[in-house]
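Colleague: First residue of the sequence shown: 1, per UniProt numbering; consecutive thereafter.
Yeah, the Cβ is synthetic: ideal placement off N, Cα and C, and Gly gets one too.
Please read these numbers as outputs of a predicted model, since none were measured by experiment.
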Amino acid sequence: MSPIDEDLVKRIHRDLQDDFDEELELELEDRDYGLTPSDGAERSERQRYFRELIRLQSELVKLQDWVVHTGHKVVILFEGRDAAGKGGVIKRITQRLNPRVCRVAALPAPNDRERTQWYFQRYVSHLPAAGEIVLFDRSWYNRAGVERVMGFCTDEQYEEFFRSAPEFERMLVRSGIQLIKYWFSISDDEQRVRFLGRIHDPLKQWKLSPMDLESRRRWEEYTKAKEVMLERTHIPESPWWVVKADDKKRARLNCIRHLLSQMPYEEVPHADIELPARERREDYIRHPVPDDLIVPEVY
1 MSPIDEDLVK RIHRDLQDDF DEELELELED RDYGLTPSDG AERSERQRYF RELIRLQSEL
61 VKLQDWVVHT GHKVVILFEG RDAAGKGGVI KRITQRLNPR VCRVAALPAP NDRERTQWYF
121 QRYVSHLPAA GEIVLFDRSW YNRAGVERVM GFCTDEQYEE FFRSAPEFER MLVRSGIQLI
181 KYWFSISDDE QRVRFLGRIH DPLKQWKLSP MDLESRRRWE EYTKAKEVML ERTHIPESPW
241 WVVKADDKKR ARLNCIRHLL SQMPYEEVPH ADIELPARER REDYIRHPVP DDLIVPEVY
């Protein structure tokens with residue numbers, strides 16, 4: 001095996017290790033960082049990452065309380081190439097928040113009826129009311145990216161989008177919605193490694209669609225579309241923020257930290273909570289659950 005191939009295998013292995021860490025994060029419900037990678041420096045780095053993630057997530061809980069308390073309305077857009085890490089940071093943001101307050105909008109391809117609507121119409125129903133945060137995992141910017149590159153819209157529709165999008169976003173801001181837009185930027189080489197990692201991980205293969213593979217082939221066309229999109233829709237009312245995402249863990253921390261800096265939140269005081277005593281009634285009898293209703297305890 002050539003040195004180049006060995007390096008590629010190592011990088012794919014590290015990417016698969018990151019995927020394992022992602023699943024570990026989602027199960028992490030305490031402050032135990034008893035991870036045991038073979039390399040001491042790597043272990044220390046991962047421990048620092050987990051500690052900082054927990055700290056930032058604690059701040060997100062405070063932000064959530066402030067949003068509810070003040071009736072603030074927030075929309076956050078996550079855009080970027082396939083495998084750029086948008087879903088990973090969305091998971092970390094929502095992991096410890098109340099889904100009734102902070103929800104994700106990930107719209108599928110439009111159906112026949114939606115294709116006849118005003119382009120922004122199907123997104124409007126997902127906008128927040130007072131005290132809500134909505135995270136769009138891809139948004140109306142599909143028209144400026146995927147639809148443009150793949151030929152799913154006409155030149156006229158494309159140009160109309162650029163006339164309408166800034167005005168649409170200004171309308172949202174005037175209505176009291178705070179709009180934050182993130183573009184996750186990864187290199188050509190890093191996307192290749194992540195795609196190869198998905199190909200070799202049976203648990204991740206569902207993430208690879210024919211559209212993803214085609215986007216890989218059309219890398220340069222997507223680059224041109226992205227550059228035009230940022231130039232024509234970067235407005236003072238809702239500027240773009242670019243997240244360097246070749247390192248997934250750093251990208252998550254940097255994005256969450258930046259998101260927190262975009263709102264003047266503060267800790268909302270809460271009354272002390274006391275667990276009430278359980279009422280006990282002499283006439284209450286708890287009946288046993290029939291054995292055929294019990295889930296088998298295999299583990």
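(1) Skipping 5 residues on each side, what residues in its chain have a beta carbon closer than 6 Å to that of V268?
(2) Nearest-angstrom Cα distance between I199 and Q121?
(3) Taking the beta strand (DSSP E) that F78 belongs to, which residues open and close that run?
(4) If we count the other Cβ atoms within 10 Å of its Cβ and call it buried at 16 or more, is E282 buried or exposed?
(5) Please report how far the alpha carbon of W240 lies from the alpha carbon of Y182, in whole angstroms.
(6) Give the C-beta separation of K86 and D21 to the nearest angstrom, bearing in mind that I take them to be a contact with Cβ-Cβ under 8 Å.
(7) Please confirm if W118 has its CB atom under 8 Å from at least one CB of chain C.
(8) So what does DSSP say about Y33, is it helix, strand or coil?
(9) Find the nearest neighbour of R103 within the set V74, R217, L127 and V134, judged by alpha-carbon distance.
(10) Suppose you measure from the CA of H72 to the CA of G176; what does that come to, to the nearest Å?
(11) Whole angstroms are fine: how far does the CA of E297 sit from the CA of R235?
(12) At which residues does the alpha helix (DSSP H) containing E221 begin and terminate?
(13) So, with DSSP's three-state summary, where would you put Q262?
(14) Do Y265 and K91 have their CB atoms nearer than 8 Å?
(15) Are the segment 110–121 and the segment 207–219 touching by the rule of at least three beta carbon pairs closer than 8 Å?
(16) Using the three-state DSSP reduction, which class does D247 fall into: helix, strand or coil?
(17) Report the CB separation of L253 from L56 in whole angstroms; it is logged as a contact under 8 Å.
(18) I need the boundaries of the beta strand (DSSP E) containing A83, first residue and last residue.
Modeller: This is what the structure holds:
(1) For the purposes of this step, residue 268 is taken as residue 268 along the sequence shown, with counting starting at 1. Around V268: D65, W66 and H69.
(2) Counting from one through the sequence shown, the residue named residue 199 turns up at place 199. Counting from one through the sequence shown, the residue named residue 121 turns up at place 121. For I199 and Q121, the distance between alpha carbons rounds to 36 Å.
(3) Position 78 of the sequence shown holds residue 78. K73 to G80 is the span of the beta strand (DSSP E), which, as asked, contains F78.
(4) As a position in the sequence shown, residue 282 is number 282, starting the count at 1. It counts as exposed.
(5) The count along the sequence shown starts at 1 and reaches residue 240 at position 240. The count along the sequence shown starts at 1 and reaches residue 182 at position 182. W240 and Y182: Cα-Cα distance of roughly 6 Å.
(6) Position 86 of the sequence shown holds residue 86. Position 21 of the sequence shown holds residue 21. So it is not a contact: roughly 17 Å between Cβ atoms.
(7) Protein chain content of the structure displayed is limited to a single chain, and chain C is not contained in it.
(8) Counting from one through the sequence shown, the residue named residue 33 turns up at place 33. Note that Y33 has pLDDT 47, beneath the 50 cutoff, so the model's placement of it is unreliable and the number below is only indicative. Three-state result, Y33: coil.
(9) Here the question's residue 103 lines up with position 103 in the sequence shown. Checking every option, the nearest Cα to that of R103 belongs to V134.
(10) Reading the sequence shown from its first residue, position 72 is the one you call residue 72. Reading the sequence shown from its first residue, position 176 is the one you call residue 176. Looking at the two C-alpha atoms, the distance is approximately 8 Å.
(11) Counting from one through the sequence shown, the residue named residue 235 turns up at place 235. Counting from one through the sequence shown, the residue named residue 297 turns up at place 297. Here residue 235 is Ile; the residue named in the question, Arg, does not match the sequence. It is roughly 57 Å from the alpha-carbon of I235 to the alpha-carbon of E297.
(12) For the purposes of this step, residue 221 is taken as residue 221 along the sequence shown, with counting starting at 1. That run of the alpha helix (DSSP H) goes W219 to T233.
(13) Residue numbering aside, residue 262 sits at position 262 when the sequence shown is read from its first letter. If DSSP states are grouped into helix, strand and coil, Q262 belongs with coil.
(14) The count along the sequence shown starts at 1 and reaches residue 265 at position 265. The count along the sequence shown starts at 1 and reaches residue 91 at position 91. No.
(15) no
(16) Mapped onto the sequence shown, residue 247 falls at position 247. Three-state result, D247: coil.
(17) If you number the sequence shown from 1, residue 253 lands on position 253. If you number the sequence shown from 1, residue 56 lands on position 56. Correct: roughly 7 Å between the Cβ atoms.
(18) Stepping through the sequence shown from its first residue, residue 83 is reached at position 83. Premise fails: A83 is in no beta strand (DSSP E) and is neither H nor E.
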